[in-house]
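Participant: If you number the sequence shown the way this note's numbering does, the last residue is 448 and the count never jumps. All C-beta atoms, glycine included, are put in the ideal place defined by N, C-alpha and C. This structure is in structure tokens; I'll ask about it shortly.
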Amino acid sequence: MTTEPAAGALKRLHIKTYGCQMNVYDSERMADVLRPLGYAMSDGPEDADLVVLNTCHIREKAAEKVYSELGRLKELREERLAAGGERSTIVVAGCVAQAEGEQIMIRQPAVDLVVGPQAYHQLPELIARVARTRGERLSADFAPEDKFDALPAARGVEGPAAFLTVQEGCDKFCTFCVVPYTRGGEYSRPAEAIEAEARSLAEKGVREVTLLGQNVNAYEGGLANLIRRLAKVPGLDRIRYTTSHPRDMDEDLIAAHGEVDELMPYLHLPVQAGSDRILKAMNRGHSAEHYLRLIERIRAARPDIAISGDFIVGFPGERDSDFEATMTLVRETRYASAFSFKYSRRPGTPASAMPGQVAPEVADERLARLQALLGEQQQAFNEGLVGRTVPVLFEKLGRHAGQIIGRSPYLQSVHIEAPAGLIGQIAPVTIDGAGRNSLAGSAVLEAA
Ligand code: SAM
Ligand code: SF4
């Protein structure tokens, strides 16, 4: 990520972000909090004085990547010192920091500071302490309200689409998941603070916000109310939210999809599995039928809505028949996009101690079949847009000269040959080609 350097910036910062959109948001806020100290973004870790790894603990692979990156950073630091440079500071932030704490420093002594997600507002002070006394560490026991109150109101903004955290944490305790342990219990930010942040983003040219939360639709006071409030913010044309839980999808939120023009026709509603036996073992608190009826009601409110989801295959005890039930649910739902994962055994979660752990080759085969089906559905959804004209918010330059990239209301990426001056604007585009991951458009009629 990049940011405007502070006047007289002398120090370079590199933040590497793993995992979910909430980490992307948090990384931006860390850059905001460090900017007044004179930190400007570096191009990579090689020339950075301060390197922050904002980590993800959700699956074993994500957590392990952090340790290999730390080994690389240690080598970079040694090369830098050997070349007569300054010693760089290495910080581990995010959910691995929260979950593993001091263990990280034991496993990789090159780490200077470990800081969990609720303590980012303390970063300047902690980094100053590290500079004075090498090896300072933090136990990350801060309340989320302290974090949001203490982060700077002014945000560095890149592009016309931004994330806005409205809710953090989770009380659901799905048996496979580390989030309730790494992010703590559910906390909703006050609507006034969220509206103020949305206004300030809109004043900086942001036209689309994605409201973030581990269980965003568990937002206290009702997510639909918050969406209606934000829809009135001048300049904010598009609102999205993620991630939702089927148990918190209330009537008001479903109705908002049919009533609020600014609310985009896209819904990420993870189900994880299509078998009631597995859903129960996962402690999801709903059945497959409940999910399918929800989708039906949402489509009745907003017929063109793009449905997205998350799936886990190879959960302990998953039989062939359970997996077939997932395939049936997918066929019935017809997804526009989805994320699917092989179950990862996370220490400390109830599922990690369950009998019937599925052999990796069985899980691999199921994942391949599921991904093939989801891929076909994604291609079919995208092809359904060919010949239609949709409003596109242009976000950035494309890889080829003369190309720009935007997003359709359905969150598809749209590539088009058009002037860069359109970036930041919404313009109707006629779609004339569809791949699995993007659309191609040919004509921009007029910008708004
Ligand atoms: N709160 C959201 C929900 O309930 O669906 C999900 C948040 S979680 C950060 C994102 C996704 O990671 C989950 O939907 C799930 O599919 C996946 N996930 C979580 N724990 C996992 C595990 N132990 N193994 C594999 N995938 C996992
Ligand atoms: Fe994890 Fe379940 Fe909470 Fe989602 S709802 S964050 S999967 S515990």
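So, helix, strand or coil for residue 139, using DSSP?
Facilitator: Note that residue 139 scores 49 on pLDDT, short of 50, meaning its location in the model is unreliable; the coordinates nonetheless yield the value given after this. In this structure, residue 139 counts as coil in the three-state DSSP scheme.
Participant: Reducing DSSP to helix, strand and coil, say where residue 215 ends up.
Facilitator: Reduced to three states, the DSSP call for residue 215 is coil.
Participant: According to the neighbour-count rule (16 or more other Cβ atoms, all chains shown, within 10 Å of its Cβ), is residue 173 buried or exposed?
Facilitator: Label assigned to residue 173: exposed.
Participant: Smallest Cα separation from residue 402: which of 170, 416 and 389?
Facilitator: Taking only the C-alpha atoms, the option nearest residue 402 is 416.
Participant: Should residue 21 be listed as close to the ligand SF4, given that the test is whether its C-beta is under 6 angstroms from any heavy atom?
Facilitator: Result no, Cβ not under 6 angstroms from the ligand SF4.
Participant: Is the number of C-beta pairs between the stretch 380-389 and the stretch 184-196 that are closer than 8 angstroms three or more?
Facilitator: Result no; under three Cβ-Cβ pairs closer than 8 angstroms.
Participant: Return the first residue and the last residue of the beta strand (DSSP E) that residue 308 is part of.
Facilitator: It spans 306-313 - the beta strand (DSSP E) in which residue 308 sits, taken as one unbroken run.
Participant: Taking a contact to mean a Cβ-Cβ separation below 7 angstroms, would you say residue 224 touches residue 266 in this structure?
Facilitator: No, the pair does not count as a contact, with Cβ atoms beyond the cut-off.
Participant: Residue range of the beta strand (DSSP E) that residue 432 falls in?
Facilitator: Residues 426-434.
Participant: In this structure, how does DSSP classify residue 423 when only helix, strand and coil are distinguished?
Facilitator: The answer is coil: DSSP assigns residue 423 none of H, G, I, E or B.
Participant: If you pair each beta-carbon of the stretch 203-219 with each one of the stretch 85-93, do three or more pairs fall below 8 angstroms?
Facilitator: Judged by Cβ distances under 8 angstroms, the stretch 203-219 makes no contact with the stretch 85-93, as fewer than three pairs qualify.
Participant: In three-state terms, what does DSSP make of residue 290?
Facilitator: In the structure shown, residue 290 sits in a helix (DSSP, three-state: H, G or I).
Participant: Touch check for the stretch 426-434 and the stretch 354-361: three-plus C-beta pairs under 8 angstroms?
Facilitator: The answer is no - the stretch 354-361 does not touch the stretch 426-434, with fewer than three Cβ pairs under 8 angstroms.
Participant: Excluding the 5 residues flanking residue 111 on each side, which residues of the same chain have their C-beta closer than 7 angstroms to its C-beta?
Facilitator: Excluding positions up to five away in sequence, the list reads 70, 90, 92, 104 and 105.
Participant: Per DSSP, residue 340 forms a beta bridge with which residues?
Facilitator: Paired residues: 311.
Participant: Is residue 243 near the ligand SAM - that is, is its Cβ less than 6 angstroms away from at least one heavy atom of it?
Facilitator: Residue 243 Cβ: within cutoff of the ligand SAM.
Participant: Please specify which runs of the alpha helix (DSSP H), each continuous and at least 4 residues long, are wholly inside the stretch 13-45, giving them in chain order.
Facilitator: With a minimum length of 4 residues, the continuous alpha helix (DSSP H) runs that stay inside the stretch 13-45 are 21-34.
Participant: In terms of residues, what are the limits of the beta strand (DSSP E) holding residue 67?
Facilitator: Unbroken run through residue 67 is the alpha helix (DSSP H), 60-82; no beta strand (DSSP E).
Participant: Could you tell me the distance, in whole angstroms, from the CA atom of residue 259 to the CA atom of residue 303?
Facilitator: When rounded, the distance between both Cα atoms is 12 angstroms.
Participant: Would you call the CB atoms of residue 340 and residue 315 closer than 7 angstroms?
Facilitator: Contact flag unset, no.
Participant: If I'm right that residue 198 touches residue 233 with Cβ under 8 angstroms, what's the distance once you round it to whole angstroms?
Facilitator: Confirmed, about 5 angstroms.
Participant: What is the DSSP secondary structure of residue 257, counted as helix, strand or coil?
Facilitator: Helix at residue 257.
Participant: Indicate whether residue 147 and residue 167 have their beta-carbon atoms separated by less than 7 angstroms.
Facilitator: Not closer than 7 angstroms, so no.
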